[in-house]
Amino acid sequence: MAAEPLPLSAPFWREPAFLKAFTGSYEIESRIEPTVTSAESEILVQVQKLMATEKRAEALRLLEQSALLPNSAALQFNRGNLLFEEGKLENAITAYEAAIKMYPSFRRAHRNLALSILRKDSVSKALPPLLEAIRLGDQDGLTYGLLGYCRLQEERWASALQAYRMALLMEPDSVEWKSGLAQCLQHLDQDEEAVALLDEVIEARPDQASYAMVQAGIYMSMDRHESAIAALDLPRRLGTLDGEGLLLLAELHLRAGREHLSIPLVTAAFARSPLPPPARILATLRSATNLAAWPLARDLEKQAFLHAPADSSAYRVDLLREQARIDLASGENVERGLKTLRELVAARPDDGASLVILGQQLAKTGAGEEAELLFLRAAKSEEAAFEAWFELVRLRVEQRRYEAAIAALDNALGIRKSEDLSRYREALAGLIDAAK
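In case it helps, this note's numbering puts the sequence shown at residues 3 to 438.
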């Protein structure tokens with residue numbers, strides 16, 4: 003599964019290419035900008051002198067105290083730039099908007115307005131001024147790279163890819179644009195090129211584990227699990243792999259039959275701040291259960307309960323369900339597992355996942371009639387419907403109720419197409435014909 007799009011990295015805002023493009027916006031482009039009067043020019047010259055000596059606060063004060071500011075697009079624009087550099091993004095946005103209101107075709111103001119909005123993490127609001135800057139003729143790498151970023155966040159992979167390619171034509175060494183392009187390629191199933199680009203990104207920024215996480219995800223989708231392990235092992239050795247990455251690495255080692263390497267990684271993951279997200283904890287816990295790695299599963303279960311936030315009721319339900327699965331599958335505490343599942347479905351009658359697990363256990367113990375009722379209840383839950391119908395197929399086949407099994411199988415196929423299941427249906431139909 004493809005990873006979520008990465009945000010713009012913190013180093014991006016300090017990169018020489020970005021700083022060059024942004025500070026270049028102080029230079030006047032007379033073809034597409036308001037004419038600067040002699041009085042405005044005099045103030046701007048003073049501002050430049052103050053900035054040359056790193057006196058930005060004095061430069062900003064000079065602009066804000068000028069009587070010309072309320073009616074000068076040029077002064078408002080330069081005020082916006084100084085506010086942006088000071089990190090006062092709301093005020094910078096207001097200044098750029100004022101400049102645009104006075105001079106609607108002020109190209110640099112549109113571009114820098116988009117920059118300010120993006121730095122506040124508001125992609126949807128940044129896109130209109132960014133597109134307007136391009137419409138007005140902005141063709142630099144920064145602008146196209148930011149357009150690619152916006153399209154990436156919107157999950158418009160092909161549009162983002164084209165924008166990133168344009169950006170890289172003008173800024174071929176940009177790590178940010180290479181990373182964005184690689185993510186687009188991943189979502190467009192061009193995995194080999196994505197991996198190659200990420201090699202370049204990781205070489206440039208080995209200390210940023212997020213890129214290794216993306217690359218590992220691509221390798222996993224290609225069934226190259228050892229390559230995924232190698233990708234994650236670099237930031238692990240550098241000490242930059244977070245709790246989520248450490249748990250993923252633990253799961254990969256577990257799948258490769260190296261449980262002894264997984265256990266210390268789980269311990270390390272829960273020693274990190276922030277803690278691994280619930281989704282990753284649950285995924286690794288399920289893998290450990292499916293692979294019957296009981297020591298690891300119990301250790302992970304213990305750590306998960308210990309660190310679960312007090313207000314995370316839904317997450318705790320998920321953990322209780324997984325604990326019950328371990329109790330039942332390992333045979334270590336069947337009584338507790340059954341009790342937990344019955345309590346869960348009593349509290350939440352539409353808990354499809356718990357209904358399926360409880361039904362599976364009852365089917366194993368010969369309580370087929372009760373198991374069937376549970377599977378039928380679970381089939382009403384969208385999240386568990388496919389698994390519930392499939393479990394009904396298995397149960398009915400064991401009971402030699404082949405026509406009823408085919409009916410359940412048709413419901414499963416209506417949710418998720420599968421060549422294997424279609425062939426299985428043909429085999430069941432053959433059994434019915436043979437019995438006639």
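All C-beta atoms, glycine included, are put in the ideal place defined by N, C-alpha and C.
Would you report the Cα separation of residue i and residue j, rounded to the nearest angstrom?
{"i": "Met-222", "j": "Pro-131", "result": "38 angstroms"}
{"i": "Arg-338", "j": "Ile-265", "result": "25 angstroms"}
{"i": "Val-268", "j": "Asp-193", "result": "29 angstroms"}
{"i": "Leu-243", "j": "Leu-256", "result": "18 angstroms"}
{"i": "Asp-83", "j": "Leu-263", "result": "Looking at the sequence itself, residue 83 is Asn, so the reference to Asp does not match. Each residue's alpha carbon lies about 51 angstroms from the other."}
{"i": "Gln-363", "j": "Ala-295", "result": "19 angstroms"}
{"i": "Leu-65", "j": "Arg-58", "result": "11 angstroms"}
{"i": "Ala-390", "j": "Ala-406", "result": "14 angstroms"}
{"i": "Ala-69", "j": "Ile-45", "result": "11 angstroms"}
{"i": "Asp-353", "j": "Ala-386", "result": "8 angstroms"}
{"i": "Ala-270", "j": "Ala-233", "result": "18 angstroms"}
{"i": "Met-3", "j": "Ala-258", "result": "Its pLDDT being 48, under 50, Met-3 is placed unreliably in this model, and the value from its coordinates should be taken loosely. Met-3 and Ala-258: Cα-Cα distance of roughly 19 angstroms."}
{"i": "Glu-421", "j": "Glu-428", "result": "11 angstroms"}
{"i": "Ser-424", "j": "Leu-357", "result": "26 angstroms"}
{"i": "Ala-128", "j": "Ile-136", "result": "13 angstroms"}
{"i": "Leu-187", "j": "Met-168", "result": "15 angstroms"}
{"i": "Leu-430", "j": "Asp-412", "result": "12 angstroms"}
{"i": "Tyr-151", "j": "Leu-133", "result": "13 angstroms"}
{"i": "Val-216", "j": "Leu-415", "result": "32 angstroms"}
Which residue's Cα is closest to the Cα of residue i: the options?
{"i": "Leu-284", "options": "Ala-252, Ile-220 and Glu-393", "result": "Ala-252"}
{"i": "Pro-278", "options": "Leu-250, Leu-149, Lys-304 and Arg-327", "result": "Leu-250"}
{"i": "Ala-355", "options": "Asn-335, Glu-88, Ser-332 and Glu-384", "result": "Glu-384"}
{"i": "Glu-178", "options": "Ser-212, Trp-296, Ser-161 and His-112", "result": "Ser-212"}
{"i": "Arg-344", "options": "Gly-333, Tyr-317, Glu-372 and Gly-368", "result": "Glu-372"}
{"i": "Glu-334", "options": "Leu-375, Ser-314 and Thr-291", "result": "Thr-291"}
{"i": "Asp-175", "options": "Val-203, Gly-416 and Asp-140", "result": "Val-203"}
{"i": "Ala-75", "options": "Ala-54, Tyr-98 and Ala-299", "result": "Tyr-98"}
{"i": "Arg-260", "options": "Pro-297, Ser-275, Ala-310 and Arg-109", "result": "Pro-297"}
{"i": "Leu-171", "options": "Glu-35, Leu-133, Gly-147 and Asp-191", "result": "Gly-147"}
{"i": "Glu-92", "options": "Arg-109, Cys-186 and Asn-114", "result": "Asn-114"}
{"i": "Ser-161", "options": "Gly-182, Gln-50, Tyr-105 and Leu-254", "result": "Gly-182"}
Quick check on the DSSP output: the alpha helix (DSSP H) that includes residue i runs from which residue to which?
{"i": "Val-399", "result": "387-400"}
{"i": "Ala-310", "result": "From DSSP, Ala-310 is part of no alpha helix (DSSP H); its letter is neither H nor E."}
{"i": "Gln-363", "result": "354-366"}
{"i": "Gly-219", "result": "211-223"}
{"i": "Val-203", "result": "193-206"}
{"i": "Gln-164", "result": "159-172"}
{"i": "Ala-409", "result": "404-417"}
Which of helix, strand or coil does DSSP assign to residue i?
{"i": "Lys-122", "result": "coil"}
{"i": "Gly-259", "result": "coil"}
{"i": "Tyr-105", "result": "coil"}
{"i": "Lys-127", "result": "helix"}
{"i": "Gly-139", "result": "coil"}
{"i": "Arg-318", "result": "helix"}
{"i": "Asn-80", "result": "helix"}
{"i": "Asn-335", "result": "coil"}
{"i": "Ala-295", "result": "coil"}
{"i": "Glu-371", "result": "helix"}
{"i": "Asp-435", "result": "helix"}
{"i": "Lys-180", "result": "helix"}
{"i": "Gln-67", "result": "coil"}
{"i": "Arg-238", "result": "helix"}
{"i": "Gly-89", "result": "coil"}
{"i": "Leu-430", "result": "helix"}
{"i": "Glu-2", "result": "The structure shown does not extend to residue 2, since the chain is modelled only from 3 to 438, so the question has no answer here."}
{"i": "Lys-304", "result": "helix"}
{"i": "Met-3", "result": "No answer about Met-3 holds up, because its pLDDT of 48 lies below 50 and its placement is not dependable."}
{"i": "His-112", "result": "helix"}
{"i": "Asp-244", "result": "coil"}
{"i": "Asp-329", "result": "helix"}
{"i": "Val-38", "result": "coil"}
{"i": "Asp-175", "result": "coil"}
{"i": "Leu-190", "result": "coil"}
{"i": "Pro-266", "result": "helix"}
{"i": "Thr-145", "result": "helix"}
{"i": "Glu-17", "result": "coil"}
{"i": "Lys-57", "result": "coil"}
How close, in whole Å, do the beta carbons of residue i and residue j come, if the pair is a contact with beta carbons under 8 angstroms?
{"i": "Ser-107", "j": "Leu-138", "result": "6 angstroms"}
{"i": "Arg-230", "j": "Ala-218", "result": "The identity of residue 230 in the sequence shown is Ala, whereas the question assumes Arg. Yes, Ala-230 and Ala-218 are in contact; Cβ-Cβ is about 4 angstroms, under 8 angstroms."}
{"i": "Phe-467", "j": "Ala-101", "result": "Since the first residue of the chain shown is 3 and the last is 438, residue 467 is not available in this structure."}
{"i": "Ala-306", "j": "Leu-287", "result": "7 angstroms"}
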